[in-house]
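A.B. asks: Please see the structure below; I have some questions.
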Amino acid sequence: MVSSFFLVSSCADTFRFLPTQTDTHTKNTKLCTAFLLAFLLVLPLSTSVAAQGKKSKKSKGSKGSMNSAGMMSMKGKKGKQTLTATGFVKYSGYQGFLEVSGTVGPMTTIGTTQSFGYQLAGVDNACQSGAGSAPNSCGIHIHVGTSCTSKAGAHYFTGSVTTDPWTSITYNTNTIDGTSTGTESVDTGGSSADVSGRTIIIHNWLGGRIACAILEQR
Ligand SMILES: [Cu+2]
1 MVSSFFLVSS CADTFRFLPT QTDTHTKNTK LCTAFLLAFL LVLPLSTSVA
51 AQGKKSKKSK GSKGSMNSAG MMSMKGKKGK QTLTATGFVK YSGYQGFLEV
101 SGTVGPMTTI GTTQSFGYQL AGVDNACQSG AGSAPNSCGI HIHVGTSCTS
151 KAGAHYFTGS VTTDPWTSIT YNTNTIDGTS TGTESVDTGG SSADVSGRTI
201 IIHNWLGGRI ACAILEQR
């Protein structure tokens with residue numbers, strides 16, 4: 001490129017002598033005119049080729065990222081639906097004083113196993129060392145029901161899971177402030193779509209149902 005510009009500038013010099021043309025000058029001028037024309041033709045061509053090269057590289061890159069982004073959003077919708085239950089209300093018909101608040105989730109599903117953390121407040125202080133001997137004592141479960149204004153029905157499990165996987169899923173209360181945090185993994189036999197919209201039920205130490213919230217994608 002540098003040598004081309006050098007040639008162009010030396011050609012320009014030959015044009016300076018145009019008024020006093022000699023044979024050599026005429027020859028040089030013709031050669032230079034041809035060269036300049038060729039140079040002027042080649043320069044825009046080469047720059048446009050280079051620009052096209054850049055363009056195609058760019059479009060390839062953006063196509064790739066669009067594809068991977070598309071796949072990620074598909075994954076988000078299909079395989080890894082994340083559910084959360086929050087805004088707990090007293091279980092329908094529960095007359096006790098316990099008012100549970102907090103969150104169960106994010107809940108993710110791999111295969112038919114739901115994994116989730118929970119951060120709760122206002123749970124039963126009697127659950128400080130975990131569950132007692134009563135059925136569902138200090139339990140934290142998905143139930144089949146889909147509303148917190150009516151009864152939630154039985155524990156949720158389906159398909160290849162034929163015995164209740166929820167009987168051992170319990171919380172421990174921190175007696176200082178009545179909170180409870182933890183993580184659980186439960187094979188319910190169902191997909192994330194199967195558990196979406198169902199109820200999360202919190203039980204007290206006696207096994208009674210005290211609080212309810214709906215599992216939703218938020
Ligand atoms: Cu339950």
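FYI, UniProt numbering numbers position 71 of the sequence shown as 71, with every residue one higher than the one before it. No residue lacks a Cβ here, since even glycine has one placed at the ideal position from N, Cα and C. In this text the structure is predicted, and so the values were computed from the model without any measurement.
Compare the beta carbon distance of ILE202 and ALA211 with 9 angstroms and say whether it is the shorter of the two.
C.D. replies: Closer than 9 angstroms, so yes.
A.B. asks: Considering Cα atoms alone, identify which of THR183, ILE176, GLY105 and GLY208 is closest to ALA154.
C.D. replies: GLY208
A.B. asks: Looking at the structure shown, is ASN125 part of a helix, part of a strand, or coil, going by DSSP?
C.D. replies: helix
A.B. asks: If you drop the 5 nearest sequence neighbours on each side, which residues of the same chain put their C-beta closer than 7 angstroms to that of THR149?
C.D. replies: The beta carbon of THR149 lies closer than 7 angstroms to those of SER92 in the same chain, with the five residues before and after it left out.
A.B. asks: Pull up the distance between the alpha-carbon of VAL104 and that of THR163, whole angstroms please.
C.D. replies: 23 angstroms
A.B. asks: Could you tell me the alpha carbon to alpha carbon distance between GLY145 and THR175, rounded to whole angstroms?
C.D. replies: 30 angstroms
A.B. asks: Relative to the alpha-carbon of ARG198, which residue among ALA152, ASN172, THR158 and VAL186 has its alpha-carbon at the smallest distance?
C.D. replies: Minimum Cα distance to ARG198 is reached at ALA152.
A.B. asks: Note the first and the last residue of the continuous alpha helix (DSSP H) segment covering PHE194.
C.D. replies: A small correction: the amino acid at residue 194 is Asp; Phe does not occupy that position in the sequence shown. From DSSP, the alpha helix (DSSP H) with ASP194 extends over 192-195.
A.B. asks: Is there at least one non-hydrogen atom of ligand 1 closer than 8 angstroms to the beta-carbon of ARG198?
C.D. replies: no
A.B. asks: Which one or two residues does DSSP pair with LYS151 in a beta bridge?
C.D. replies: Paired residue(s): none; LYS151 is not in a bridge.
A.B. asks: For a test of the three-state rule: what should DSSP assign to ILE201, helix, strand or coil?
C.D. replies: Assignment of ILE201 by DSSP, reduced to helix, strand and coil, places it in the strand class.
A.B. asks: So the beta strand (DSSP E) ASP187 belongs to, where does it begin and stop?
C.D. replies: In this chain, the beta strand (DSSP E) harbouring ASP187 covers 179-187.
A.B. asks: How is SER137 classed by DSSP in three states: helix, strand or coil?
C.D. replies: SER137: coil per DSSP, three-state reduction.
A.B. asks: Please determine, among PRO165, ASN172 and ASN136, the residue with the shortest C-alpha to C-alpha distance to SER185.
C.D. replies: PRO165
A.B. asks: With H, G and I counted as helix, E and B as strand and the rest as coil, what does DSSP make of GLY102?
C.D. replies: DSSP places GLY102 in strand when its eight states are reduced to three.
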